[in-house]
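Here the structure comes first, spelled out in structure tokens, and everything after it is commentary.
In the UniProt record's numbering, the protein residues as written are 1 to 123.
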């Protein structure tokens, strides 16, 4: 199970790092084509979401890998689950079922990592 958690953490971290860099560095107008929800938020909010996603990516891997404050890994996973729940709510308001399903999968994976790292497979 520990190897499975590491794989999930790595995949989530890679996805979040890419999404976070894109959202935090690209202008909102350029993102609107790929991410229509950005029309509902300010440029600052979109960048903040990108920074949060990038920080979550780092938090999912670095504390556990370096054995420096490894409790931050399940905390990052818990925070990511909260972010994905909020994202699903946003997509529900916009009536985007595909995006809701994607957020639900990420939420479940983040919750699995949080459960595993807080509980039986903690560091």
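A virtual CB, placed ideally from N, CA and C, is assigned to each residue, including glycine.
Do residue 112 and residue 5 have their C-beta atoms within less than 9 Å of each other? yes
Can you tell me whether residue 53 is buried or exposed? The criterion is at least 16 other CB atoms within 10 Å of its CB, across all chains shown. buried
Determine the contact status of residue 13 and residue 56, defining contact as a CB-CB distance below 9 Å. yes
Through-space distance from residue 65 to residue 93, alpha-carbon basis: 38 Å
Just confirm the distance between the C-beta atoms of residue 91 and residue 99, as a whole number of angstroms; I'd bet it's less than 8 Å. 4 Å
Please state if the CB of residue 83 and the CB of residue 10 are separated by a distance shorter than 9 Å. no
Per-residue DSSP class, three states only, for residue 69: coil
So the alpha helix (DSSP H) residue 107 belongs to, where does it begin and stop? 97-118
So what's residue 27 in DSSP terms, helix, strand or just coil? coil
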